[in-house]
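Throughout the sequence shown, residue numbering follows this note's numbering, covering 1 to 52 in sequence.
The beta carbon of each residue, even a glycine, is placed where N, CA and C say it ideally should be.
For clarity, every value in this text was computed on a predicted model and none was experimentally measured.
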Amino acid sequence: MGKVTMGEAVGLLKAFIRENGIEVLNVAGSRGSKVPEIYYKTLQVVAGSISS
């Protein structure tokens, strides 16, 4: 998340979901054992994107 702020990431994901009519979002990526903070950062972005 070093390149964009959490708020920017939320906005980008919201725009992607809206512009592409996404109904189901599958989230995959680096293993939590290799990047321990990734789960919480991803959770914040996804939760922020689906709220409100």
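The shortest CA-to-CA distance from V27 to any of V35, T42, E37 is the one to T42. One Cα belongs to K14, the other to T5, and the distance between them is close to 14 Å.
About 5 Å separates the beta carbon of V10 from that of S49, a gap short enough to meet the 8 Å contact definition. Taking the Cα positions, L12 is about 23 Å away from R31.
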